[in-house]
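Reading the sequence shown from the start, the letters are residues 1489 to 2006 in our numbering.
Glycine included, every Cβ here is placed at the ideal spot set by N, Cα and C.
Bear in mind the structure is a predicted one, so any value in this text is a computation, not a measurement.
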Amino acid sequence: MTTPYSHRPGTDDHAGPPPGCPAHGLVADAFGGDHLAPSGLRRLYGPEAENDPMGLYEKLRAEHGSVAPVLLHGDVPAWLVLGHSENLHMTRTPSQFSRDSRRWSAVNDGSVPPDHPLAPIFTWQPICVFADGADHERLRGAVTDSIGRIDHRGVRRFINRYSNRLVNDFCQDGKADLVSRFAEHLPMMVMIQILGMPEEYSERLVQAARDMIKGTETAVESNEYVMGALNRLVARRRAAPREDFASWLVEHPAGLTDAEVAQHLRLVLIAAYETTANLIANVLRMVLTDPRFRAQLSGGHMTLPEAVEQTLWDEPPFTTIFGRWAVGDTELGGQRIKAGDALVVGIAAANVDPVVRPDVNASMQGNRAHLAFSGGPHECPGQDIGRAIADTGIDALLLRLPDIQLAVPEEDLRWSASLMSRHLQELPVTFAARPPQDVAGPPSATPRHAPRTEWQVESPRPVPAQAAPGPAFVPPPVPTAPAGAQPAASPAGQIPQQRRPAAPARAWQAVVRWWRGY
1489 MTTPYSHRPG
1499 TDDHAGPPPG
1509 CPAHGLVADA
1519 FGGDHLAPSG
1529 LRRLYGPEAE
1539 NDPMGLYEKL
1549 RAEHGSVAPV
1559 LLHGDVPAWL
1569 VLGHSENLHM
1579 TRTPSQFSRD
1589 SRRWSAVNDG
1599 SVPPDHPLAP
1609 IFTWQPICVF
1619 ADGADHERLR
1629 GAVTDSIGRI
1639 DHRGVRRFIN
1649 RYSNRLVNDF
1659 CQDGKADLVS
1669 RFAEHLPMMV
1679 MIQILGMPEE
1689 YSERLVQAAR
1699 DMIKGTETAV
1709 ESNEYVMGAL
1719 NRLVARRRAA
1729 PREDFASWLV
1739 EHPAGLTDAE
1749 VAQHLRLVLI
1759 AAYETTANLI
1769 ANVLRMVLTD
1779 PRFRAQLSGG
1789 HMTLPEAVEQ
1799 TLWDEPPFTT
1809 IFGRWAVGDT
1819 ELGGQRIKAG
1829 DALVVGIAAA
1839 NVDPVVRPDV
1849 NASMQGNRAH
1859 LAFSGGPHEC
1869 PGQDIGRAIA
1879 DTGIDALLLR
1889 LPDIQLAVPE
1899 EDLRWSASLM
1909 SRHLQELPVT
1919 FAARPPQDVA
1929 GPPSATPRHA
1939 PRTEWQVESP
1949 RPVPAQAAPG
1959 PAFVPPPVPT
1969 APAGAQPAAS
1979 PAGQIPQQRR
1989 PAAPARAWQA
1999 VVRWWRGY
């Protein structure tokens, strides 16, 4: 698809729109209008990108097709890949689209300074996400091997415990903001436990992790704060290893340096934290605002893992991932890409690509073809940990607070957006106040000190057919064995009283205990 202006990222033609072009009169405003730069390109930052990123993606798709020229912070040109198949091709073909940011022509010619707001995201580091080929295999292997050593049942126990602890902090209030008091904290509590640094947990660490990928003026400072905590952890584990993720990286046969270990810890911590915090908030919002969604969960037609997967299609935690860099001149989606051009993986846009999803309202249950965790050799290796934190944590919350309701109209909810993510600012809810529970035990809708009532059967019991008149049946007496004698076998046709739950019930209870991790 052609465009009404000649400028393209990576070309030598930097001419703006011709005199009299309407693009000259379009400036950014905060009221939902078009926001074009003087060059005629749309920005992936600023009011339009923050207020309605999905609307911006659809404008770009209508104007340019599956690959669109855009501007990053500082009006640095790049390409946003919108098509599902185009994103898959780009992420699966590192020989054409590298993750090595040192290839970026804008960095090499000085157009992007070292203190650029996105510097914490694109500055080359000795980690697997910036490597290709053998270097990528060595570094990525250390990460995936270490992730493979994580005790998933143990992780679910931590998730339950920390979920209970967070709910205990507000369950007596009858109201809470589930973003600031649950979604933002649970992933960090779990991840620092996995990494081996629970003593570093603090509100500042939570906010620094969220600030790092926003492209704010304080992003570099936040990155330094997080790296300080991780460097201290690496020094401790190099001196005295333990059974945690940091120690496994330190001891891995790949022989990672301390700098490589610290940078990979940062990668795992920040990627897992941001995606999971957004995912928890998005799933809870859908449960609270979509009656069909909640009804399917309550009626057993959808499990929480399925609800998480649907949300990964509709509200992926990362809207985009920056970036890929063209190894040589090539073509993608009908656009001419020059060597050294930057490309952005358009996750949210690809998930609603009409080619693969003509009806965006259709259920995507059982379909994991979304790009929420990217694709190809750089696909997120810890995605199952994020899924476990989300579905186990939300399950614990809803079990403790089954009557939870949104406290404001849905249209009053507000979002914050950056280049890579979009998250709820608040999710205020109300519920019946309840006393705290023992955080060491599994979550329950009933306090431990209160007796649990018998399960209620909602559907009516079948009424037995009327028998012909006759003498009432009187069961024969059960013989009593003398003291000390072995119990005799039950007479034929008689069922002995059960002292334990029936075998199917015991089996189901065992499955539930295994799933929840206790």
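Residue(s) in a DSSP beta bridge with residue i
{"i": "Y1739", "result": "Looking at the sequence provided, one finds Glu at residue 1739 rather than Tyr. BP columns for E1739 are empty, so no partner."}
{"i": "I1809", "result": "V1833"}
{"i": "E1819", "result": "R1824"}
{"i": "F1585", "result": "A1814"}
{"i": "P1565", "result": "L1559"}
{"i": "S1904", "result": "H1911"}
Residue i CB to nearest heavy atom of the ligand SAM below 7 Å
{"i": "Q1681", "result": "Here there are no bound small molecules, and the ligand SAM is not part of this structure."}
Contacting residues, own chain, Cβ-Cβ under 7 Å from residue i (five flanking each side not counted)
{"i": "M1677", "result": "Y1650, Y1689"}
{"i": "M1679", "result": "L1757, A1760, Y1761"}
{"i": "G1662", "result": "T1918, F1919, A1920, A1921"}
{"i": "T1807", "result": "P1541, I1835, A1836, M1908, S1909, R1910"}
{"i": "D1665", "result": "E1914, L1915, P1916"}
Proximity to residue i [Cα-Cα], best of the options
{"i": "L1725", "options": "V1694, A1742, G1684, Y1713", "result": "Residue identity check: residue 1725 is Arg in the sequence provided, not Leu. Nearest C-alpha to R1725: G1684."}
{"i": "L1532", "options": "V1558, I1892, G1874, M1542", "result": "V1558"}
{"i": "T1763", "options": "G1870, T1706, L1721, A1857", "result": "G1870"}
{"i": "N1766", "options": "L1627, P1916, G1629, S1904", "result": "S1904"}
{"i": "D1588", "options": "L1907, A1857, H1858, R1812", "result": "R1812"}
{"i": "P1779", "options": "S1593, L1894, E1625, V1555", "result": "L1894"}
{"i": "G1816", "options": "M1542, R1856, L1548, S1593", "result": "S1593"}
{"i": "V1714", "options": "V1896, L1753, P1535, P1614", "result": "L1753"}
{"i": "L1548", "options": "R1645, M1908, A1837", "result": "A1837"}
{"i": "A1590", "options": "T1579, R1580, P1602", "result": "According to the sequence shown, residue 1590 is Arg rather than Ala. Nearest of T1579, R1580, P1602 to R1590, Cα basis: P1602."}
{"i": "V1840", "options": "G1534, G1821, E1546", "result": "E1546"}
{"i": "E1536", "options": "P1924, L1907, L1915, R1720", "result": "L1907"}
{"i": "V1595", "options": "P1565, V1667, V1569", "result": "P1565"}
{"i": "D1597", "options": "G1636, D1829, E1538, G1881", "result": "D1829"}
{"i": "A1550", "options": "Q1913, Q1695, N1539, R1530", "result": "R1530"}
{"i": "H1858", "options": "L1674, A1727, P1804, M1790", "result": "P1804"}
{"i": "H1640", "options": "I1873, P1897, R1902", "result": "I1873"}
{"i": "F1810", "options": "H1577, I1701, V1927", "result": "I1701"}
{"i": "E1867", "options": "Q1784, M1578, A1717, G1528", "result": "M1578"}
Coarse secondary structure for residue i, derived from DSSP in three states
{"i": "P1916", "result": "strand"}
{"i": "P1897", "result": "coil"}
{"i": "F1670", "result": "helix"}
{"i": "H1911", "result": "strand"}
{"i": "R1637", "result": "coil"}
{"i": "D1802", "result": "helix"}
{"i": "P1557", "result": "strand"}
{"i": "V1843", "result": "coil"}
{"i": "L1532", "result": "coil"}
{"i": "D1657", "result": "helix"}
{"i": "A1664", "result": "strand"}
{"i": "L1452", "result": "This structure cannot speak to residue 1452, because the chain is shown only from 1489 to 2006."}
{"i": "V1708", "result": "helix"}
{"i": "V1617", "result": "helix"}
{"i": "P1890", "result": "coil"}
{"i": "F1646", "result": "helix"}
{"i": "F1961", "result": "For F1961, the predicted model reports a pLDDT of 40, less than 50, meaning its position is unreliable and no value from the coordinates is stated."}
{"i": "E1867", "result": "coil"}
{"i": "H1552", "result": "helix"}
{"i": "L1859", "result": "coil"}
Neighbourhood of residue i by C-beta, 8 Å cutoff - its chain only, sequence neighbours within 5 removed
{"i": "V1843", "result": "G1571, H1572, S1573"}
{"i": "T1632", "result": "P1869"}
{"i": "P1729", "result": "S1735, V1738, E1739"}
{"i": "L1776", "result": "R1782, I1892, Q1893, L1894, L1915, V1917"}
Contacting residues, own chain, Cβ-Cβ under 6 Å from residue i (five flanking each side not counted)
{"i": "P1670", "result": "Position check: residue 1670 holds Phe in this sequence, whereas Pro was assumed. Around F1670: L1654."}
{"i": "A1920", "result": "D1891"}
{"i": "E1748", "result": "P1614"}
{"i": "N1539", "result": "none"}
Any chain B beta carbon closer than 8 Å to residue i
{"i": "V1843", "result": "The structure shown has no chain B; it contains just one protein chain."}
- [ ] Check whether the region 1817-1835 touches the region 1753-1772, counting contact only when three or more Cβ pairs, one atom from each stretch, lie closer than 8 Å.
- [x] no
- [ ] Count the C-beta pairs between the region 1850-1858 and the region 1797-1805 that are closer than 8 Å, then say yes if the count reaches three, no if not.
- [x] yes
TODO: Decide if the region 1728-1746 is in contact with the region 1703-1710; the criterion is three or more beta carbon pairs, one per stretch, under 8 Å apart.
DONE: no
- [ ] Check whether the region 1599-1612 touches the region 1544-1561, counting contact only when three or more Cβ pairs, one atom from each stretch, lie closer than 8 Å.
- [x] They touch, by the three-pair rule.
TODO: Count the CB pairs spanning the region 1830-1849 and the region 1786-1794 that are closer than 8 Å, and state whether there are at least three.
DONE: no
- [ ] Kindly confirm or deny that the region 1609-1619 and the region 1640-1650 touch, where touching means at least three C-beta pairs closer than 8 Å.
- [x] No, the region 1609-1619 does not touch the region 1640-1650.
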